[in-house]
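For the sequence shown, this note's numbering gives the first residue as 1, with consecutive numbering after it.
Ideal Cβ placement from N, Cα and C applies to all residues, glycine included.
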Amino acid sequence: MWYYARNGQQYGPISEQELRQRIAAGEVYPNDLVWRDGMGDWVLAAVCPDLAGAFPPGVAVPPLPPGSADSKRIVAGIFALLLGSFGVHKFYLGMPMAGIIMLLGTVATCGIGAMVTHVVGIIEGVIYLSKSDADFYQTYVVGKRSWF
Numbered sequence: 001m002w003y004y005a006r007n008g009q010q011y012g013p014i015s016e017q018e019l020r021q022r023i024a025a026g027e028v029y030p031n032d033l034v035w036r037d038g039m040g041d042w043v044l045a046a047v048c049p050d051l052a053g054a055f056p057p058g059v060a061v062p063p064l065p066p067g068s069a070d071s072k073r074i075v076a077g078i079f080a081l082l083l084g085s086f087g088v089h090k091f092y093l094g095m096p097m098a099g100i101i102m103l104l105g106t107v108a109t110c111g112i113g114a115m116v117t118h119v120v121g122i123i124e125g126v127i128y129l130s131k132s133d134a135d136f137y138q139t140y141v142v143g144k145r146s147w148f
């Protein structure tokens, strides 16, 4: 079964035949990320060996938006380091449940829980800032990984 992702939204599971039909119909673009069981990481559909020949010849792969993943990674990392105890970085990354948990952990305990949530924020901030742009994008934007 295959999955594909565009603009942070993941689709699937679908069969390879259905994926090829969506490519032919123009619903899956060459710069969409694709993944299936057995693959290590998400890859661009246009360069996936299993989909060789699925795109018409001459289809250019448009570049990803410049700096979008990088700026999101840096802003999320700074939010995590400075405001981690309030879960601001979670809200920024589109993970409201994780943000609410961190916020409630701080506010409901009258700040005592902030010692724990701030440490979590610092750890996540360091992780965000130490990852490559592609790794960060795949893990936190596409995969919506909530914790660490």
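Check                                                                                                                 : Outcome
Given 8 Å, three or more beta-carbon pairs between the region 102 to 122 and the region 81 to 94                      : yes
Paired residues, beta bridge with residue 103 - DSSP                                                                  : Answer is none; residue 103 lacks a bridge partner.
Cβ-based neighbour list, residue 141, same chain, cut-off 6 Å, excluding 5 preceding and 5 following                  : 8
Identity of the residue in 73, 27, 28, 116 nearest residue 133 by Cα                                                  : 73
Spatial neighbours of residue 84 in its chain, beta-carbon cut-off 7 Å, leaving aside the 5 residues before and after : 117, 118, 120, 121, 122, 124, 125
Residue closest to residue 41, alpha-carbon to alpha-carbon, out of 82, 97, 135                                       : 135
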